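Chains as they are written, first to last, in the working numbering: chain A, 29 to 282; chain B, 208 to 326. Don't be surprised by glycine CBs; every beta carbon is placed ideally from N, CA and C. Since the model is a prediction, treat every value here as computed from it, not as a measurement. Scroll down for the structure; my scribbles are underneath it.
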């Protein structure tokens, strides 16, 4: 009882704290000085059409590197939690796999045991549709992260689109094998290249993750804005590989 | 007015999420509450960045770089939320896999089953 009262009190207090913020706020008439500076200078300094990209990749590039690190930590945590970090347990699990095959982490050997609630296979329609759509979705994801400096898109969105294509394939056929070596290589190399490009900026331009060590090019062209398309593509590959890894380790095919 | 509506929905979502986090015992419901809280915070951030009659800060034929400062919304909250959404997705996946592990170990999805977290 006292607990419920406390919860209600806390929520009311927070609601009262929110209230002036929600109703007192006027629609802003102009940008804050910092935002105005970004909008005014991004074209001249970096040559990006998309100001958000200029902020994510360049002005706040270090924050983005941090966020990619958080993403990596989360993906590593998922893999660790789902594929039992304890070696003895893993051995036991591998031994028991032959018997009931329920815990197979990548599920390729899940069917032998014939567990009671076997997952329904993806239908013919889904399989054909997934096979047809997979390259298109993949291409769309790549388009999104390559054009991150020109259109509303970027590495994070493109990476998620790419991972969603893999999710579709896994829906269609749960036992689909993924190239783990390729995934790990893509993730590790793109992450290292991201930092490498950042260091190149430190060496050849004004600072860490400064994309201006490449020529700015013509405004609005695909190959413009210095290294921003390269950095965003690397982020896209990394995010795509990490989320694909998450999707892969979360599946259960028994 | 637009901003108020977005902010209000955001606050309601956040409050719902907080309420769920404080009252629910089921791990999956707590994760859903956390996602609600997450979404609410994103909406609040985007709502605060709105400028009256502003458009997306992306230059093209319709929006010339010169004089754009008067016409665009604040790009900084958008940049923050852009990454926060993807991070939220990964963190949700992390929480879900934790829930799966708790269920495998304790055969229960209740937080009460995780006695080590009691204090």
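Subject >> chain A contact residues for residue 305 of chain B, given Cβ-Cβ distances below 7 angstroms >> reply: Among the residues of chain A, those whose CB is under 7 angstroms from the CB of residue 305 of chain B are 109, following chain order.
Original post:
Any chance the segment 210-229 of chain A sits against the segment 303-319 of chain B, with 3 or more Cβ pairs inside 8 angstroms?
Top reply: Short answer: they don't touch.
Subject >> Nearest candidate by alpha-carbon position, reference residue 163 of chain A, set A/36, A/89, A/185 and A/192 >> reply: Answer by Cα proximity: A/192.
Subject >> Spatial distance of residue 236 of chain A from residue 241 of chain B (CA atoms) >> reply: Looking at the backbone, the Cα of residue 236 of chain A and that of residue 241 of chain B are separated by about 35 angstroms.
**OP:** Can you give me the Cβ contacts of residue 283 of chain A inside the same chain, cut-off strictly under 6 angstroms, excluding the 5 residues immediately before and after it?
**Re:** Chain A is shown only over 29 to 282; residue 283 of chain A falls outside these bounds and no answer can be derived.
Original post:
Given that residue 218 of chain B touches chain A, what residues does it touch there, using C-beta distances under 7 angstroms?
Top reply: Simply 46 and 50.
Subject >> Assumed close pair residue 242 of chain A, residue 254 of chain A - CB separation to whole angstroms, cut-off 8 angstroms >> reply: Contact between residue 242 of chain A and residue 254 of chain A holds, since their C-beta atoms are separated by about 4 angstroms, short of 8 angstroms.
**OP:** Give a yes or no on whether 8 angstroms exceeds the smallest Cβ distance from residue 320 of chain B to chain A.
**Re:** Cβ-Cβ to chain A under 8 angstroms: no for residue 320 of chain B.
**OP:** Sort A/199, A/63, A/94 and A/72 by Cα distance to residue 80 of chain A and report the nearest one.
**Re:** Distance check between residue 80 of chain A and each of A/199, A/63, A/94 and A/72 places A/63 closest, using alpha-carbon atoms only.
Subject >> residue 214 of chain B, DSSP secondary structure in three states >> reply: The answer is helix: DSSP assigns residue 214 of chain B an H, G or I state.
Subject >> Residue span of the alpha helix (DSSP H) that contains residue 249 of chain B, given as start and end >> reply: That run of the alpha helix (DSSP H) goes 234-255.
Original post:
Is the shortest distance between the beta-carbon of residue 225 of chain A and the beta-carbons of chain B less than 8 angstroms?
Top reply: Residue 225 of chain A does not count as touching chain B.
Original post:
Of all the residues that make up the segment 68-86 of chain A, which are near chain B by a beta-carbon distance shorter than 9 angstroms?
Top reply: Of all residues in the segment 68-86 of chain A, only 68, 70, 71, 72, 76, 77, 78, 79, 80, 81, 82, 83 and 84 come within less than 9 angstroms of chain B when Cβ atoms are compared, listed by chain position.
Original post:
Given a limit of 7 angstroms on CB to CB distance, which residues of the segment 266-287 of chain B reach chain A?
Top reply: Within the segment 266-287 of chain B, those residues whose Cβ lies closer than 7 angstroms to any Cβ of chain A are, in chain order, 266, 267, 272, 275, 276, 279, 281, 282, 283, 285 and 286.
Original post:
For residue 262 of chain B, which three-state DSSP category applies?
Top reply: If DSSP states are grouped into helix, strand and coil, residue 262 of chain B belongs with the strands.
Original post:
For a contact meaning CB atoms closer than 7 angstroms, what does residue 106 of chain A contact in chain B?
Top reply: Ordered by position in chain B, the residues that pass the 7 angstroms Cβ test against residue 106 of chain A are 300, 301 and 304.
Subject >> Three-state class that DSSP yields for residue 53 of chain A in the structure shown >> reply: Coil at residue 53 of chain A, not helix or strand.
Subject >> Integer Cβ distance of residue 183 of chain A from residue 176 of chain A, believed to fall under 8 angstroms >> reply: Indeed, because the Cβ distance is near 6 angstroms, the residues count as touching under 8 angstroms.
**OP:** Pull out every residue of the segment 218-247 of chain B whose Cβ sits closer than 7 angstroms to any Cβ of chain A, in chain order.
**Re:** Listed by position along the chain: 218, 222, 225, 226, 229 and 230.
Subject >> Which listed residue (B/266, B/288 and B/312) has its alpha carbon closest to that of residue 278 of chain B >> reply: Considering only alpha carbons, the answer is B/266.
**OP:** Let me know the secondary structure DSSP gives residue 270 of chain B once reduced to three states.
**Re:** Here residue 270 of chain B sits in strand by DSSP.
**OP:** Determine whether the Cβ of residue 212 of chain A lies closer than 8 angstroms to any Cβ atom of chain B.
**Re:** Answer no: the Cβ-Cβ gap between residue 212 of chain A and chain B never drops below 8 angstroms.
Original post:
Nearest chain A C-beta to residue 327 of chain B closer than 8 angstroms, yes or no?
Top reply: With chain B running from 208 to 326 in the structure shown, residue 327 of chain B is simply not present.
Subject >> Exposed unless 16 or more other CB atoms sit within 10 angstroms - verdict on residue 317 of chain B >> reply: Burial call: exposed.
Original post:
So what does DSSP say about residue 317 of chain B, is it helix, strand or coil?
Top reply: It is a strand residue.
Original post:
With 8 angstroms set as the bound, which would you pick, yes or no: does the beta-carbon of residue 168 of chain A sit closer than that to a beta-carbon of chain B?
Top reply: Answer no: the Cβ-Cβ gap between residue 168 of chain A and chain B never drops below 8 angstroms.
Original post:
If you compare alpha carbons, which of A/33, A/208 and A/261 is closest to residue 277 of chain A?
Top reply: The shortest CA-to-CA distance from residue 277 of chain A to any of A/33, A/208 and A/261 is the one to A/208.
**OP:** Return yes when the Cβ of residue 198 of chain A is within less than 8 angstroms of the Cβ of residue 98 of chain A, no when it is not.
**Re:** Contact: no.
Subject >> Chain-ordered chain A contacts of residue 262 of chain B [CB-CB under 8 angstroms] >> reply: Going along chain A, no residue has its Cβ under 8 angstroms from residue 262 of chain B, so there is no contact; the nearest lies around 11 angstroms.
Original post:
Cβ atoms of residue 213 of chain B and residue 102 of chain A: under 8 angstroms apart, would you say?
Top reply: The Cβ-Cβ distance between residue 102 of chain A and residue 213 of chain B does not fall below 8 angstroms.
Subject >> Contact under 8 angstroms by Cβ, residue 200 of chain A with residue 155 of chain A >> reply: Contact flag set, yes.
Subject >> Amino acids of chain B, ordered along the chain, whose beta-carbon sits closer than 7 angstroms to that of residue 184 of chain A >> reply: Those are 289, 290 and 293, listed as they occur along chain B.
Original post:
What residues match up with residue 279 of chain B in a beta bridge as DSSP calls it?
Top reply: In DSSP, residue 279 of chain B forms a bridge with B/262.
**OP:** Would you kindly work out how many angstroms separate the C-alpha atoms of residue 269 of chain B and residue 187 of chain A, rounded to a whole number?
**Re:** For residue 269 of chain B and residue 187 of chain A, the distance between alpha carbons rounds to 28 angstroms.
**OP:** Alpha carbon to alpha carbon, how far is residue 230 of chain B from residue 35 of chain A? Give it in angstroms, no decimals.
**Re:** Residue 35 of chain A and residue 230 of chain B have their C-alpha atoms roughly 8 angstroms apart.
Original post:
With 16 as the cutoff for other CB atoms within 10 Å, does residue 282 of chain B come out buried or exposed?
Top reply: By the 10 Å Cβ count, residue 282 of chain B comes out buried.
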